[in-house]
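*Asks:* Structure incoming, see below.
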DNA sequence: ACTCATGGTTACCTCCAGGTGCCCAAGGCA
DNA sequence: TGCCTTGGGCACCTGGAGGTAACCATGAGT
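Chains as they are written, first to last, in our numbering: chain A, 38 to 165; chain B, 38 to 165.
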């Protein structure tokens, strides 16, 4: 798998970026930090539903990729700030385009799903 | 969660599209069908490593969303053709932009990861 | 002495995406 | 009679993503 070529001559390593963006919380973290630099607790407060652990894990992964940067001030209590790097800002831009398209089509897709489910139910009813 | 607003006023339902694209095989299926209409077995042959079940599952989901279309010919042995819809073509376009960006940055990200891991190893060595 | 806040870490558990393998219909063909 | 084909369905299993909760150091406030 690791050297599988993407159809059209694309590199499958690019899938890693889609995976990173596609996990449960990265998109929220990137988008939230894209607006302003924030501390850990404030970030947690803004992203409704995220657990402390998942925020830590997500931040670590994004930091490892160089998408966000972590700044620690050696004071007590600890003060840690997170912000997007230029690389992360680029990613945010690319993702925003995808999300923007998705928003314009989300209703179409939901109608498609409903229609599909209805057809499936009819099939089951007729032959089930 | 279902009514969580996306930072910046975005709708979290858009996450569903990212999830669809972010799963393991959808991207390959869309990209492969984006090149030409294909039958089930030929599609399976082109996407290296996919299992029969996962191809079926992925195709069903994409069909349900209206991203691909399934055409069945009632002959024996069965003949079924899959192709992308205009909606799927749009999605492919949006995703291609993201993948394109990812490809130009994949080496940067890998260097970032290596540097991060090295720093982490030094920390462990010094204090572990 | 006790409590609170920050920014975590760790152990533990659950759930499901994804993988494997067997079964199926129906006709052709030897 | 038995085996090949296509396009699946179904049962079962595992690994890992993600959730829960407890613990931690340190200093400041009272």
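The C-beta atom is built at its ideal place from N, Cα and C for all residues, glycine as well. Here the structure is a predicted model, which means the values were calculated and not measured.
Since residue 82 of chain B meets chain A, which of its residues come closer than 9 Å, beta carbon to beta carbon?
*Replies:* Simply none; closest approach about 12 Å.
*Asks:* Since residue 96 of chain B and residue 66 of chain B should fall inside the 8 Å C-beta cutoff, what is the C-beta to C-beta distance between them, to a whole number of angstroms?
*Replies:* 7 Å
*Asks:* Taking the C-alpha atoms as reference points, what is the distance between residue 59 of chain B and residue 163 of chain A?
*Replies:* Roughly 35 Å between the two C-alpha positions.
*Asks:* Can you confirm whether residue 98 of chain A, when its beta carbon is compared against all beta carbons of chain B, has any partner nearer than 7 Å?
*Replies:* no
*Asks:* Using a C-beta to C-beta distance shorter than 7 Å, which residues of chain A count as neighbours of residue 124 of chain B?
*Replies:* 142, 145
*Asks:* Along chain B, which residues have their Cβ under 8 Å away from the Cβ of residue 101 of chain A?
*Replies:* Under the 8 Å cutoff, chain B gives 149, 150, 153, 154.
*Asks:* Between B:102, B:70, B:78, which lies nearest to residue 153 of chain A when the distance is taken from Cα to Cα?
*Replies:* B:102
*Asks:* What are the residues that DSSP puts in a beta bridge with residue 120 of chain A?
*Replies:* A:106
*Asks:* Go through its chain and collect everything with a Cβ distance to residue 129 of chain B's Cβ below 7 Å, but skip five positions before and after it.
*Replies:* Cβ within range, chain order: 67, 68, 71, 121.
*Asks:* Would you call the CB atoms of residue 117 of chain B and residue 77 of chain B closer than 7 Å?
*Replies:* Yes. Within cutoff.
*Asks:* Can you name, in chain order, every residue of its own chain whose Cβ lies under 6 Å from the Cβ of residue 79 of chain A, other than the five neighbours on each side?
*Replies:* none
*Asks:* Bridge partners for residue 75 of chain B per DSSP, in chain order?
*Replies:* DSSP output for residue 75 of chain B lists B:119 as bridge partner(s).
*Asks:* Can you tell me the Cα-Cα spacing of residue 156 of chain A and residue 90 of chain A, whole angstroms?
*Replies:* 42 Å
*Asks:* Whole angstroms is fine: what's the gap from residue 62 of chain B's alpha carbon to residue 115 of chain A's?
*Replies:* 42 Å
*Asks:* Along the chain, where does the alpha helix (DSSP H) that runs through residue 97 of chain A open and close?
*Replies:* 89–101
*Asks:* Taking buried to mean at least 16 other C-beta atoms within 10 Å of its own C-beta, is residue 137 of chain B buried or exposed?
*Replies:* exposed
*Asks:* Please state whether DSSP places residue 59 of chain B in a helix, a strand or coil.
*Replies:* Residue 59 of chain B: helix per DSSP, three-state reduction.
*Asks:* Look at residue 139 of chain B and residue 51 of chain A and say whether their C-beta atoms are less than 7 Å apart.
*Replies:* Yes; because the gap between Cβ atoms is below 7 Å, this pair is in contact.
*Asks:* State the DSSP-derived secondary structure class of residue 41 of chain A, mapped to helix, strand or coil.
*Replies:* At residue 41 of chain A the pLDDT is 46, less than 50, meaning the model places this residue with poor confidence and gives no usable figure here.
*Asks:* Should residue 131 of chain A be flagged as near chain B, meaning a C-beta pair shorter than 7 Å?
*Replies:* Judged by the 7 Å Cβ criterion, residue 131 of chain A is in contact with chain B.
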